[in-house]
Each structure stands twice: as C-alpha cells, then as structure tokens.
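The letter at position 294 of the sequence shown is residue 307 when you use my numbering, and the numbering goes up by one with no holes.
Quick reminder that beta carbons are idealized off the backbone N, C-alpha and C, glycines included.
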Amino acid sequence: MRQHVYFSPGMFGFGRLGSYNYFAHVERGLSARFAAAGHELVAHIINDLPTASIRRRATRLAEIVTRTCGDEPVHLLGHSTGGLDARLAASPATRSIEAEFLAWLPRLRSVTTMNTPHFGTPLASFFATANGQRVLGALSVLTMAGLSLGAQPLAAASVLLGILKNIDSVIPFKLELLARAIESLVGLVDDARSPEIRVFLAAIEDDQGSMLQLSPEAMDLVVAGFEDRPGVVYQSTAAMAPRPAPQRFLQTFGRPWRAVSLSLFFALYHVTASHDARYPCAAMRGTAPWSGPLNEALLTRVFSQPPALDANDGVVPIRSQLWGTLVWAGLGDHLDVLGHYRDRRDLDQVPAELRHRDWLTSSSNFGDAEFAALLDAIAGGMLAAG
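Below you can see the structure in the form of structure tokens.
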C-alpha cells in the first residue's frame, strides 16, 4: 500500500537547499522500514520559511497535501515548529484554512512531532528581538553550510558566540563583524549550491511571525486553542542534551571548530533553559510538570528521573516537546534527531549523501543506535495507524 508522509521543517531549518534534503536521513530510514513492512512510503518535503507564522505554514502544508495525496493514507511529520504546522492543519478547530484544502483529513492517519515546542520556547522570545533576528539569520546560514557542505565556518561561529555571550550589550562593531562573516559564508554556499539562499535569508528578515507565536506567553493561548483530531494517532519524540559542564571541553582539545561549536551550543542551551514560573514550557499538574503516567514512566526509565523544566535540546525545553504518546526519548540535541550527528565512520568510504554531519557539538553522544531506535519508534506508530 502507498502511504504519503509529509515532512515539515522548523526553527532555522529548511526543506531543500539545492540538491540537499534536510530530512534525507529520516526519509531514507522511514522508507526502508515501510518497505520492510510491505508498504511504499511516498515522501513530500515541505519547503517553507522557518520563521513564517504557524497559520501560513499550516495553510501551505494543507495545500500541498491536497494537491499530492490522491485518495491514499496521509501521515504528517514535523520537526520543531513543523510539528505545530501539522497539528494546526489537523485540528478540528481550524478556521484559518479553506475547507477545499482539508478534504484529505478523513485519510489522515498520524501526526508525528519531533522536538516540537508545543508549550513554547524561551529561545523564540530572544529571536524576536532586533539582535535576535540577526542571530537567527546567522544560525540559519551556519546550519545550511554545516549540513549541506560539511563546512566548518569557524570565523562566523566565533563572532556569533561573542554576540550570544553579551547579547544585552552588543555593539554595532560586533554586528558588522557578524554581517561580514555571514556574507562570506553565503558566498561559499552560493558557489556550491544555489542563490536561493539569499532569497531565503531576506524572507527570514521580512517575516518573523512564528518567533512571536512560539514565545511561552503566546503558546499559552495556542495550547488552549489547538484540538487533536479524533481517530488520528498523535506521537512525539523528545530529547535533551547533557547540561553544560567545563569537563566537556576536554573532548574538544586540539579541535578548534568543535570547541567553538560546543561553546555556541552551550550559549543556546543557556537561553533556552531560562523560564518564567507563570508561563512554564510544559503541561503542569499543580506546580509540577506532568505529561501523563505513560510518558512520565518512559522519561524516568530513560533519564533515571523526570527531566526538570530547564532541561532542553539547545532550542526547545524537553518538557515542551511532549504531546500525545511519547514513543522515543533520549540524550540528543535539536538536530541530532534528524540524523545530523557526528559520523564516526571513515567518511572517505561513505557516499556523500549517506554521511551524517554535525555542526552543533552538544556532547550528547547521539549516534547510529539511537537514531535507529528513534526511527523504529516513529515508523512503528505510523504503520500501526495506517
């Protein structure tokens, strides 16, 4: 049986850049698991702005599903903000999407959210500031270069790190340094891939809708308005990175890029770990986070104790990532779960399209075994629903 899976990217992510597919490792792994079960997975990568409003992104998702799914089963998979696009498109309470683009909903079998900020993330509040917008653009370029080219943009990452460490007192000179470093990096990506990256960056600067919507304060209202669709399987994956500690830098000795990358990750982790008790990025029971007995049991089994409110993957608090049935949890960062982790193989012996590339060093030690288990869990839920 043919089943359609729609992949939606999220914060500082992208669908395709030239020939590079952001979801390549997930798509390949799920396709193999569907085939082993006697099904054909038809993959659709949604190219959309990572910062556009959730309503606009969900509408685009619904339009693409309408044009391409025929009369076959549909599964939605969103990473980061992409998970909210999927939930809004599927919600019975949706009023912002024209009915003609929702005729496929009776064939929707599952919604999978990977590291999605269901209850918001403090990092979005930072990205919504004037300086934060520049940092978001820089992170988008670094992600593109690091993943699509395997580049190690040390200069740009170093300048960005300096800004993140002193974000409240950023001087124009530092912003100019960042602009120059990113411009040189864009030129590298342009030569290797496509000038569409410049259009992409311009659009990020022009539309910051989702950054405003993903703040913990704004998501407090969204949580009250989104509804799950009856009969549809909702499953999630959740990850958190090890807490920053000085000894983790011992692993980067003699590796300047990994040292700067780890420092950059720790800076993002620190921003994401901040929280306001009035707007916790979590489902709560009284004053304590609570996601239901089954999910809490899995979290405790994996991490030995329930994760605290400040635990996160560098972008999204782990407590904010929980929605529906938690099918996988583990140590990892925001990009690890897509297969963007450090490849421990001899890369000279691995075709370029099969290589795993990790530009954010988090010391999570996420690898092939964890990625395989994550894909097994996602595919299992989809196949059972389909």
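Relative to Pro63, the option among Gly150, Phe47 and Val315 whose CA is nearest is Gly150. Sequence-distant partners of Val350 (beyond 5 residues in either direction) whose C-beta falls short of 7 angstroms from its own C-beta, in its chain, are Met127, Asn128, Thr250, Ala252 and Leu387.
CA-CA distance, Arg80 to Pro105, rounds to 20 angstroms.
Within the region 292-322, the complete alpha helix (DSSP H) segments at least 4 residues long are 306-316, listed from N- to C-terminus. In the assembly as shown, Asp61 is a buried residue. Its beta-carbon has 16 or more other beta-carbons within 10 Å.
Unbroken beta strand (DSSP E) stretches of 3 residues or longer found wholly inside the region 42-115: 53-58 and 87-92, given in chain order.
Boundaries of the alpha helix (DSSP H) harbouring Leu396: Asp381 to Ala398, taken from the DSSP string.
Here Glu53 is exposed, its C-beta having fewer than 16 other C-beta atoms within 10 Å. Residue pairing by DSSP leaves Gly23 without any beta bridge partner. For His369, the CB contacts under 6 angstroms within the same chain, skipping 5 residues up- and downstream, are Gly352, Tyr354 and Asp356 in chain order. With contacts defined as CB atoms closer than 9 angstroms, Met14 and Gly399 qualify as a contacting pair. Rounded to whole angstroms, the gap between the alpha carbons of Val148 and Tyr292 is 24 angstroms. By the neighbour-count criterion, in which a residue is buried when 16 or more other Cβ atoms sit within 10 angstroms of its Cβ, Val329 is buried. For Ser138, no beta strand (DSSP E) segment is defined; the enclosing uninterrupted segment is the alpha helix (DSSP H) at Pro135 to Phe140. Excluding its 5 nearest sequence neighbours in each direction, Leu360 has C-beta neighbours in its own chain below 8 angstroms: Arg368, listed in chain order.
Going by DSSP, Leu234 is part of the alpha helix (DSSP H) stretching over Pro229 to Gly238. When Pro320, Ala50, Val273 and His92 are compared, the shortest CA-CA separation from Phe20 is found for His92. Distance from the CA atom of Pro130 to the CA atom of Ser375, rounded to whole angstroms, is 19 angstroms. Straight-line measurement puts the Cα of Glu76 at about 43 angstroms from the Cα of Ser317. Here the alpha carbon of Ala56 sits roughly 23 angstroms from the alpha carbon of Trp336. When the five nearest sequence neighbours on each side are left out, the beta carbons in the same chain lying within less than 8 angstroms of the beta carbon of Val363 are those of Asp356, in order along the chain.
A residue is called buried when at least 16 other Cβ atoms come within 10 angstroms of its Cβ; Val154 meets this threshold and is buried. Three or more Cβ pairs drawn from the region 228-245 and the region 286-303 lie within less than 8 angstroms of each other, which places the two stretches in contact. Within the same chain, Cβ atoms closer than 8 angstroms to the Cβ of Gly327 are found at Ala254, Phe278, Leu281, Tyr282, Thr285, Asp346, His347, Leu373 and Ser375, the five residues on either side in sequence being excluded. Annotated as proximal: Leu227 and Ala137, with beta-carbon spacing under 9 angstroms. Rounded to the nearest angstrom, the gap between the Cα atoms of Gly343 and Gly95 is 20 angstroms.
Thr300 counts as exposed, since fewer than 16 other C-beta atoms from the protein chains shown sit within 10 angstroms of its C-beta.
For Tyr247, the enclosing beta strand (DSSP E) begins and ends at Val246 to Met253. Boundaries cannot be given for Gly345, as no beta strand (DSSP E) includes it and DSSP labels it neither H nor E.
Looking at the DSSP output, Leu339 sits in a beta bridge with Ser249. Assigned with DSSP and collapsed to three states, Val39 falls in helix.
Between the alpha carbons of Leu118 and Thr313 lies a distance of about 35 angstroms.
Leu225 carries a helical assignment under DSSP once its states are collapsed to helix, strand and coil.
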